[in-house]
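Residues are numbered in this note's numbering as their position in the sequence shown, beginning at 1, plus a constant of 835. Cβ atoms here follow ideal geometry from the backbone N, Cα and C, with glycine treated the same way. None of these values were measured; they are calculated from a predicted model. Quick notes on the structure that follows.
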Amino acid sequence: MPRRLAVLLPALVSALAWPAPASAHYVDLNEALTREGTLTVGLALTGRPFAYKEDGALRGFEVAMARAVAAAHGLALGLAQVPRTGLAQALARGEVDLANTLALEGEARGASVVPYLVVGDHLMVLRGNPFRIREVGDLSGRVVSATAGSSAEAFAHDLNREFAAADLAPMQVHSFPHHRHTHFPVSMGHAVGYFVRTVSAVAITGDPESRTRLVEGVFRPRREVGFAIRDTNPALHHAVEHAVAAMVATGKYRRLRLEHGLPAELSPYR
836 MPRRLAVLLP ALVSALAWPA PASAHYVDLN EALTREGTLT VGLALTGRPF AYKEDGALRG
896 FEVAMARAVA AAHGLALGLA QVPRTGLAQA LARGEVDLAN TLALEGEARG ASVVPYLVVG
956 DHLMVLRGNP FRIREVGDLS GRVVSATAGS SAEAFAHDLN REFAAADLAP MQVHSFPHHR
1016 HTHFPVSMGH AVGYFVRTVS AVAITGDPES RTRLVEGVFR PRREVGFAIR DTNPALHHAV
1076 EHAVAAMVAT GKYRRLRLEH GLPAELSPYR
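This is the structure:
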């Protein structure tokens, strides 16, 4: 998985240390925006703590990132809640300046992405971790569950191939037709954990009523997600990229990640 900090941070440090041409970071964005003086961000709800609605307002990590990018360039923030099925089209038609790709199953066509998260598949265990699962190797010879046909199930079988190559006992993987069923064996003590995607894993872990939580360190990244920007708008891409790099360098990105309960392995910046 690419780690963008190696590219973005040196450029930021160089910009801070030496005078740069005015066009490098201080461009007039009004011609690049849907509405003058306003960064219009199309958000499809992705659930807590990413993007959700509470008391009539959009909230979450993705909202906080959008607000920080707008503030970095002295812009007002306009949030447009868009259905998942219409998000890519809203961006392509120029109805919004940015869109959150976490809500998309694949990549937005005709768009570039400035990432702020890495998502994939995780292992969930009972709170208190009674079977002491702390890393991948602890799963050798254990019983786990996953949703049939999911990337999480594929992750489990990939781990078994790794165990076989290392001459270790494989996991016994039970696959269920619906994701709601995967936690039952864990709750009853018949399995040490179940595999699930990032959005569900983080939401469940953050729910104080939940009996399970994710294990940091047992994670397979699948893709980077962030702000999608039309390919025809390089000035805005540059402005967003610079704002996110500055957030990483100043520690603001890390603070927002921690405030929203997102583990370090979800960061594309190390």
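Item, Value
"In its own chain, which residues sit with a C-beta less than 6 Å from the C-beta of R1048, not counting the 5 before and 5 after it?", "R962, T1040"
"Does the Cβ of N865 have 16 or more other Cβ atoms within 10 Å, making it buried, or fewer, making it exposed?", "exposed"
"Which runs of the alpha helix (DSSP H) at least 4 residues long sit entirely within the region 893-923? Give them in chain order.", "896-907"
"Taking C-beta to C-beta, are V1111 and Q1007 nearer than 8 Å?", "As displayed, the chain neither begins before 836 nor continues past 1105, which places residue 1111 out of reach and without an answer."
"Is H1014 closer than 8 Å to V1031 when the C-beta atoms are compared?", "yes"
"Under 8 Å, do A915 and V931 count as touching if we go by C-beta distance?", "yes"
"Kindly indicate the opening and closing residues of the beta strand (DSSP E) around P1056.", "1047-1065"
"Is there contact here, the region 915-925 with the region 1078-1098, by at least three beta-carbon pairs under 8 Å?", "no"
"On a Cα-Cα basis, can you pick out the residue from D1042, V1083, G891, E942 that is closest to R883?", "D1042"
"My output table needs one value for N935: the three-state DSSP class, helix, strand or coil.", "strand"
"Of the residues E1100, D993, L893, A901, which one's Cα is nearest the Cα of M1082?", "A901"
"Could you spell out the range, first to last residue, of the alpha helix (DSSP H) harbouring M1082?", "1069-1085"
"Give every residue of the same chain whose Cβ lies closer than 6 Å to the Cβ of R1089, excluding the five residues on either side of it in the sequence, and list them in chain order.", "none"
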